[in-house]
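Notes to accompany the following structure.
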Amino acid sequence: MAGLKTAVLLSGRGTNLGALIDECAGDGAPAEIVGVVSNVPGAAGLQRAEAAGIKTRVIDHKGYPDRGSFEDDIHQCLQGLEAELVCLAGFMRILTAGFVARWHDRLINVHPSLLPAYRGLDTHARVLADGARFTGCTVHFVRAEMDAGPIIVRAAVPVHPGDDAERLAQRVLAAEHRIYPLALRLIAAGR
Numbered sequence: 000m001a002g003l004k005t006a007v008l009l010s011g012r013g014t015n016l017g018a019l020i021d022e023c024a025g026d027g028a029p030a031e032i033v034g035v036v037s038n039v040p041g042a043a044g045l046q047r048a049e050a051a052g053i054k055t056r057v058i059d060h061k062g063y064p065d066r067g068s069f070e071d072d073i074h075q076c077l078q079g080l081e082a083e084l085v086c087l088a089g090f091m092r093i094l095t096a097g098f099v100a101r102w103h104d105r106l107i108n109v110h111p112s113l114l115p116a117y118r119g120l121d122t123h124a125r126v127l128a129d130g131a132r133f134t135g136c137t138v139h140f141v142r143a144e145m146d147a148g149p150i151i152v153r154a155a156v157p158v159h160p161g162d163d164a165e166r167l168a169q170r171v172l173a174a175e176h177r178i179y180p181l182a183l184r185l186i187a188a189g190r
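If you count the sequence shown from 1, position 1 lands on 0 in numbering that gives the first Met the number 0, and the numbers rise without skipping.
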């Protein structure tokens, strides 16, 4: 029996996609990745999905006159995949309130901070500039407000003396690769 039908939206490398693919591999997996959609032609995550035998589609936002028509096509694609859950994995487009409402409590995201702290971009540089001793990552249900919504899982990551944004980002990304599959497992189990 297949697990929770899950689609992934991405714009880049697809490292979190890789962690989700690993979680969904094998018998008894909690979820099945039914498709990967990217807004960036040639995104490395598309090759990662294809190598795993997962359907891919590019819906390039640059080919649309407005955000609404772009999101309508994404919505139609997700419905065509019969997706029950959508994971944002480095999807670098802000989604409108209308799209988020269509996927209420069926749309999750991973963010590289302990939300609600450090919403938005350049999180690691801001953490370091503030002299924080800990940071981390959060998987949450998406709401219309950026980097907001009910938290599913978080992981703390220490800030080490001498860290730069790149070193800190690598440690936070490793934590993301642990908690995103856990979040998917929890949702698929109805927890």
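The beta carbon of each residue, even a glycine, is placed where N, CA and C say it ideally should be.
In this text the structure is predicted, and so the values were computed from the model without any measurement.
Applying the 10 Å Cβ sphere with the 16-neighbour rule, what's the burial state of Ser68? Numbered from 1 along the sequence shown, position 69 holds the residue referred to as residue 68. Exposed.
Label Ile73 either buried or exposed according to how many other C-beta atoms from any shown protein chain fall within 10 Å of its C-beta, with 16 as the threshold for buried. Here residue 73 refers to the residue found at position 74 when the sequence shown is read from its first residue. Buried, because 16 or more other Cβ atoms sit within 10 Å of the Cβ of Ile73.
Is it true that the segment 152–159 meets the segment 113–130, where meeting means three or more beta-carbon pairs spaced less than 8 angstroms apart? Touching, per the Cβ criterion.
One question on the structure: do Leu127 and Leu172 come within less than 8 angstroms of each other, judged by their Cβ atoms? In the sequence shown, residue 127 corresponds to position 128, counting from 1. In the sequence shown, residue 172 corresponds to position 173, counting from 1. No, the Cβ-Cβ distance between Leu127 and Leu172 is not below 8 angstroms.
Can you list, in chain order, the stretches of the alpha helix (DSSP H) that have 4 or more residues and sit fully within the segment 28–84? Segments of the alpha helix (DSSP H) lying fully in the segment 28–84: 43–50, 66–79.
Buried or exposed by the 16-neighbour rule on C-beta atoms within 10 Å, applied to Pro157: Counted from its first residue, the sequence shown places residue 157 at position 158. When all chains shown are included, Pro157 counts as exposed.
Please determine, among Ala43, Thr137, His159, Asp162, the residue with the shortest C-alpha to C-alpha distance to Arg56. Within the sequence shown, numbered from 1, the residue matching residue 56 stands at position 57. Ranking the options by Cα distance to Arg56, first place goes to Ala43.
C-beta contact flag for Ala82 and Val33 at 8 angstroms: Position 83 of the sequence shown holds residue 82. Position 34 of the sequence shown holds residue 33. Yes, they are a contact pair.
Is Arg105 closer than 8 angstroms to Val85 when the C-beta atoms are compared? Stepping through the sequence shown from its first residue, residue 85 is reached at position 86. Stepping through the sequence shown from its first residue, residue 105 is reached at position 106. The answer is yes: Cβ separation under 8 angstroms.
Hey, Pro180 and Glu22: beta-carbon distance below 8 angstroms or not? Translated into the one-based positions of the sequence shown, residue 180 becomes position 181. Translated into the one-based positions of the sequence shown, residue 22 becomes position 23. Against a cut-off of 8 angstroms, the Cβ pair of Glu22 and Pro180 comes out as a contact.
DSSP-derived helix/strand/coil call for Pro157: Numbered from 1 along the sequence shown, position 158 holds the residue referred to as residue 157. Pro157: strand per DSSP, three-state reduction.
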